[in-house]
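Chains as they are written, first to last, in the working numbering: chain C, -15 to 916; chain G, 21 to 313. Beta carbons are placed, not taken as given, at the ideal position from N, Cα and C, and that holds for glycine. The structure appears right after this line, and notes come after that.
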């Protein structure tokens, strides 16, 4: 560490010698006093300070200040960690970057390294040339470092690898120069030649990155499974990488569909794994990528290779037993079963399965519903492939008018050529015209046609013909229907009319029509077509729209597919009609070969120890120390309000530390303590000493406090006005406390109240059945009833009450005993005055007697009262007896509070006296009877 | 010190608000027989007054005119109609107006002088409502009635220039009551003298020491020069925190001394902090004046 330390102005360090002087100086000066006005000074007179040491600056403050000054001195001396040794190079400097996707893994650091070299060269005034070797070779023109800095920053890695390094060797500038080659660590073609050419001009420094490089080969479809392979360089220890298969989900969002680990054995450069996916999922996959590798090489796009199209094959008429080779669909099945998922069944059965292709082999007539279904399906992008045959030839389909499901009109009868009963030779195929999807396919001479159906001459016929016989008669015609197309092959699908199904051309034509997909890579499949780039990969493996890039001719594409992408055809997805081809940065054969360098070249790592100027840090440290010193000085002189006593900082820290150590221990001790029984006994005695009003603890401290204060306020009023003299109210925990001691529970309902446990429910129900009463208060009387919906508290109450044994309820009737158990009341306000108050419903046979103001409702105390007027809030008093909350406004509010108290008194009276008041109603009658 | 009329009205309003929370005070005094002035309060013994107290049989020596003939006519003996002895109390308040009382240890707390004035006025409101006579020491003699509040208020204004106040005995009514409100942090001899003089005149009452919490806690540290409010006294210390214990000792000693003084003179003593609500102090004063037995 110290070895790599240097100072820009070392003589400033002499200032450190002044530190002892500072020490002495500071020690001599005590902190300045504060003047305070204080009447108690009369009592202070004559008190001497016991310890005169306090007027000296304490040692730790001295140390703080000395450190601050030392840090400042060191900082101004300009220390630099890992100072860069002077670069001896002279003359022009050429900086070469490989610039392929292999660089993308640490492109920023490469740029940084190149920029550092540029800056050095700029300081030394050396001309510089920078080149990315993945570009097309061009002449290297040295310029100033400043010219190159901006261009270097804009340089991005290409999604391919350098193609032709030897060509760069011929573009080098004249004369001697030094070269810095930022290599990606791979052997590229012609690298040896270029290195030799560079060494001819001057020294060559090679910078190689130690980070491993991974490449993902295109996925192959093999025996129902997807085979994935990856390569790496260098091949070192056993490593596992994760490969993610991505594609759109049913909603179209791109997401990971599958993931599988791929393990490289120790020393192995290549690893393989198999992925088995259901076809639905497999067809969705658009790309594979190695997780955590942001390079184009770690991404493998998929094209039709992995797709297994759903093909429905239907033929007209019953199969003839024993003549399988004559079956209209035999060859189709043979050709398609390895490469497509075949659907069987009637047309109405297969249409809902949304096949990609429907093949009608010699089917003439369709029912109207089948035809409609097919048209719908075609509009959605289906491909209907029809083969001719005896039935079609014999039918009158598309004779007069064009059938919507036929591309052309047909002439009656068809024709037979070269047969035993006809003139002429069997016809051969003409080369496929340009614009036809079959363009570029070689026409084997042995393919002959002996019979076919003929198209009616028509103005559109030429445009609809995509394959024709040598004499010009159409062999394959097609037309677009909606987003889909109808293709008619004018011969049969079996070998009856032609030898086409027997040839390899049949397969290739099916592939070109995107009916099947090829089982392996095939350059010949792309020949002769122009491929329009659809989406292209960048060097980091990100897909982007290709925009208006020119199409790539099939020849180039075929070359690219075998040798790997280049500037002519960058990696990405290319499209021709229905078919897509993916060009990947890495193809199946790509091997990551580590580069080898000539002995004369110096190879260094990408890591450079950066010169680190410590000046800023030291000065900041000095500032922090000085700020601490200000605080400490304030604390010492008693000017810091937070520190009332002159507690020295170490003491404070020790206290805090001790607190932190002790606190958890004491907490644990608390938890470990078993619930003491004497406390429960004391509580029981307390609860049974007199009448105790209790409230349910909700867990919300504020609500509980209000409930407690409310019951205390109600208790005070009961003391004053009635013979009931309740003790201090108690909070009741439903889970742990015994309820039997309390005649009355006040239960404020909060929105986030936990549900009682089953045991607590059992307790509550026992409490209700044995004559207890619960006053539920949702405390929402101000908002309830507006907007129609239940408030959160009311919803909670519903949930809580569901487990309680509560009889049917009704809104409080006007003759309920609650209205007259002590006071005569018409309404029952708390802090709010919502009219809804629910009590146990009166028995249905309660009747109003003549001359009686009330019904006979004698038996039973209602076990619950439900309301939302926040009674506790109205009853609540502070310890000094003043009300805790305002109720209403002014005198009317106080009147409301009074009524609230009266309601509370009525409730408690009702609880304690039951139906006594109800009986009182009959006193006049009883007296009358006694008088008689 | 600015004392505009509305400020004064504010003080009065606050004092009345404070005074409303207690029942009217009936000052009770056993020594009042000789300083009798007729008032509205029965002494529950026979004496001078307007209200009927009892009939008693006439003794020899009762003037013939004192015999209640109406009552005597209903029986054979003569009866004398006695009236209840009624008297009022005179209470003299002394509020320390020295500069030491202007201290407040926190911007949120009232100065001691403010609290002392408030308490004095509240007490005056209570006493006046009970029909007592209230006056300020050194001012006009005690007078009854709510009209007396305004002069009291006017006399409570203003600060004295000296650092620590000495109680005035000028307005004390013999055998009346007195209340001294101060911090009692100054020299004690003037207080001792005042108490001695009050005792001689048969005056009893209460000492209420009004202190700021800062004076009770001494929350200081570091190097401090303490100066009295007027600047006449000062004391320098290097470590104020280290003085705390000894300061608290001295404060406790001072309180004990004050309590002793009060006890020997038959007075009551209590300490009130400006950090506490004023009601507790008013209640104490109420009880101290009531429980003079």
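{"query": "Residue burial classification, residue 602/C (beta-carbon count within 10 angstroms, cutoff 16)", "result": "buried"}
{"query": "Residues bridged to residue 292/G (per DSSP)", "result": "230/G"}
{"query": "Residue of 511/C, 604/C, 361/C, 32/C minimising C-alpha distance to residue 259/G", "result": "32/C"}
{"query": "Residue range of the beta strand (DSSP E) that includes residue 74/G", "result": "72 to 77"}
{"query": "Validate contact between the segment 251 to 258 of chain C and the segment 204 to 222 of chain C using beta carbons, cut 8 Å, 3 pairs", "result": "yes"}
{"query": "Alpha-carbon to alpha-carbon, residue 715/C and residue 794/C", "result": "29 Å"}
{"query": "Backbone CA spacing between residue 257/G and residue 264/G [nearest angstrom]", "result": "11 Å"}
{"query": "Own chain partners of residue 877/C with C-beta closer than 8 Å, once the 5 adjacent residues on each side are dropped", "result": "870, 871"}
{"query": "Stretch-stretch touch, CB-based, cutoff 8 Å, three pairs: the segment 857 to 870 of chain C with the segment 803 to 820 of chain C", "result": "yes"}
{"query": "Assigned secondary structure, residue 571/C (DSSP; H/G/I helix, E/B strand, else coil)", "result": "coil"}
{"query": "C-beta neighbour in chain G for residue 23/C, strict 8 Å", "result": "yes"}
{"query": "Close-in-space but distant-in-sequence residues of the same chain around residue 91/C (CB under 7 Å, 5 per side omitted)", "result": "141"}
{"query": "Other residues of its chain near residue 180/G: CB distance less than 6 Å, five sequence neighbours each side excluded", "result": "117, 118"}
{"query": "Where residue 573/C falls, given that 16 or more other Cβ within 10 Å makes a residue buried", "result": "exposed"}
{"query": "Sub-8 Å separation of residue 23/C and residue 235/G beta-carbons", "result": "yes"}
{"query": "Helix, strand or coil at residue 918/C [DSSP, three-state]", "result": "Absent from the structure is residue 918/C, since the part of chain C shown begins at -15 and ends at 916."}
{"query": "Sequence-distant residues of the same chain with beta carbon closer than 6 Å to residue 458/C, five excluded per side", "result": "439, 449, 452"}
{"query": "Residue 85/G to residue 144/G span [Cα, whole Å]", "result": "41 Å"}
{"query": "Coarse secondary structure for residue 47/G, derived from DSSP in three states", "result": "For residue 47/G, the predicted model reports a pLDDT of 31, less than 50, meaning its position is unreliable; a value from the coordinates is still stated below. In the structure shown, residue 47/G sits in coil (DSSP, three-state: anything other than H, G, I, E or B)."}
{"query": "Beta carbon of residue 544/C nearer than 8 Å to that of residue 567/C", "result": "yes"}
{"query": "Contained beta strand (DSSP E) runs [length at least 3] in the segment 120 to 182 of chain G, N- to C-terminal order", "result": "153 to 156"}
{"query": "As assigned by DSSP and simplified to three states, the class of residue 120/C", "result": "coil"}
{"query": "Pair within 8 Å by beta-carbon distance, residue 521/C and residue 283/C", "result": "yes"}
{"query": "Counterpart residues of residue 714/C in DSSP-defined beta bridges", "result": "678/C"}
{"query": "For residue 761/C, the three-state DSSP class (helix, strand or coil)", "result": "strand"}
{"query": "Assigned exposure category for residue 922/C - 16 Cβ within 10 Å defines buried", "result": "For residue 922/C there is no data in the structure shown, the boundaries of chain C being -15 and 916."}
{"query": "Inter-residue spacing [alpha-carbon to alpha-carbon] between residue 725/C and residue 668/C", "result": "7 Å"}
{"query": "For residue 511/C and residue 424/C, believed in contact at Cβ under 8 Å, the rounded distance", "result": "4 Å"}
{"query": "Spatial distance of residue 918/C from residue 554/C (CA atoms)", "result": "The requested residue 918/C does not occur in the structure, where chain C is confined to residues -15 to 916."}
{"query": "Closer than 7 Å: residue 537/C CB and nearest the ligand MG heavy atom", "result": "The ligand MG is not part of this structure, which contains no ligands at all."}
{"query": "Expected contact under 8 Å - CB spacing of residue 673/C and residue 709/C to nearest Å", "result": "Contact doesn't hold; Cβ gap of about 11 Å is too wide."}
{"query": "Minimum C-alpha distance to residue 175/C - residue among 582/C, 739/C, 701/C, 357/C", "result": "582/C"}
{"query": "Nearest neighbour of residue 195/C, chosen from 275/C, 184/C, 87/C [CA to CA]", "result": "87/C"}
{"query": "Short Cβ contact (8 Å threshold) for residue 291/C with residue 259/C", "result": "no"}
{"query": "Helix, strand or coil at residue 917/C according to DSSP, with G and I counted as helix", "result": "In the structure as shown, chain C begins at -15 and stops at 916. Residue 917/C is therefore absent and cannot be evaluated."}
{"query": "Partner residues on chain C for residue 254/G, Cβ-Cβ distance less than 7 Å", "result": "25"}
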